[in-house]
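Encoded as structure tokens, the structure appears first; notes follow it.
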Amino acid sequence: MIEVLRAGALTTVQDQGRSGWAHLGVPRSGALDPAALRLANRLVGNDEHAAGLEITMTGCALRFTRAVAVALTGAPADVVVEWRTGDIRPGDVGRPLSLPAGAVLRVGPAHAGVRTWLAVSGGIAVEPVLGSRATDTLSGLGPPPLRDGDRLPLGTPAGPPAPVDVPVTGPVPDELRLSVRPGPRQDWFTPEALDLLCRDAYTVSPDSNRVGARLAGAALTRAVAGELSSEGLVLGAVQVPPSGQPLVFLADHPTTGGYPVIGVVDDVTALAQARPGTTVTFHGPQR
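Dropping the structure here:
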């Protein structure tokens, strides 16, 4: 078992998501940076689809009731292991750690970026829903976000930890440049709005979450007034509500929406680490 001593602001169980259910109104969900969770799983010898934890901003503290290997990837943070009372040793993001039974892992607040992913040998063995153990914060599918005192079951380890002795973390950029393709409703916007989207810089709003990254900047004006019937949404859709401020949908996005979509971002992974105030610019697809 994992015993949750401190859950932090938002720590959720995540895997590679529940793809293939959008026709029933269920988005993929899963880790906001799937590659980061796959790497953490490889570092501890898990299958890449094993469930781990996505830790947001403020860190967490966990006790393990059996000997395990753990690995963290993503946002850099201070990591310490309390082997027994008074015996505290540092760890690293990007490097596997072997913990004895009863050890406490303390992950501090992120120094940069937003999210850190934790894999544990054997994976987190909560009951899957529609083939995935991921927490979907919009629909409520999967286990609820962690709370202090929760206990999470662990699966059987599949293999030994990876022989890694150099951390594999990279820098978190202060500015993101996202490739965007025309959306299904770009004709609902003025030509000036399309120019603005790929010309002006936006900043990430504090109202962002796993559902979507809200952006603040030049308002995108519409050429077509009136209501739009709800239609399908995909990961990376750039929806524009009446305020004119664009919203980029992330892993827990709804599968339908009634505001026009001006574009679709090719890869939203970088937004997983975008703190409020991060600069975001858009450009057309590379040819």
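Numbered by this note's numbering, the letters in the sequence shown go through residues 9 to 295 in order. For glycine and all other residues, C-beta sits at the position ideal for the given N, C-alpha and C.
Test item: CB-CB of residue i and residue j under 9 angstroms
| i | j | result |
| --- | --- | --- |
| Val-248 | Val-269 | yes |
| Pro-262 | Leu-243 | no |
| Leu-1 | Ile-132 | In this structure the chain extends from 9 to 295, so residue 1 is not present and cannot be described. |
| Arg-123 | Ala-280 | yes |
| Val-115 | Gly-67 | yes |
| Gly-191 | Val-246 | yes |
Bounding residues of the alpha helix (DSSP H) (the contiguous stretch that carries residue i)
| i | result |
| --- | --- |
| Asp-203 | 199–205 |
| Pro-98 | Per DSSP, Pro-98 belongs to no alpha helix (DSSP H); it is in the beta strand (DSSP E), 95–99. |
| Pro-190 | That residue, Pro-190, is in no alpha helix (DSSP H); its beta strand (DSSP E) goes 183–190. |
| Ala-6 | The displayed coordinates of the chain run from 9 to 295. Any statement about residue 6 would go beyond what the structure contains. |
Range of the contiguous beta strand (DSSP E) that encloses residue i
| i | result |
| --- | --- |
| Leu-255 | 255–257 |
| Tyr-210 | 210–212 |
| Gln-22 | 18–22 |
| Arg-114 | 112–118 |
| Ile-132 | Looking at the DSSP string, Ile-132 is not in any beta strand (DSSP E), and its letter there is neither H nor E. |
| His-291 | 287–291 |
| Arg-92 | 85–92 |
| Ala-221 | 220–224 |
| Thr-64 | 60–64 |
Rounded Cβ spacing between residue i and residue j (contact assumed at less than 8 angstroms)
| i | j | result |
| --- | --- | --- |
| Pro-293 | Asp-274 | 7 angstroms |
| Thr-211 | Gly-121 | Wrong, their Cβ atoms sit about 16 angstroms apart, outside the cutoff. |
Are the stretch 245–260 and the stretch 213–227 in contact at 8 angstroms, needing three or more beta carbon pairs? yes
Would the stretch 29–49 and the stretch 179–194 be scored as touching if the rule is three or more Cβ pairs under 8 angstroms? Note that the stretch 29–49 does not touch the stretch 179–194; fewer than 3 beta-carbon pairs, one per stretch, sit closer than 8 angstroms.
Any contact between the stretch 140–149 and the stretch 24–38? By contact I mean 3 or more CB pairs, one from each, below 8 angstroms. Taking a cut-off of 8 angstroms for Cβ pairs, the stretch 140–149 and the stretch 24–38 touch, as three or more such pairs fall below it.
Are the stretch 228–237 and the stretch 199–214 in contact at 8 angstroms, needing three or more beta carbon pairs? yes
Taking three-plus beta-carbon pairs below 8 angstroms as touching, is the stretch 147–167 in contact with the stretch 95–114? no
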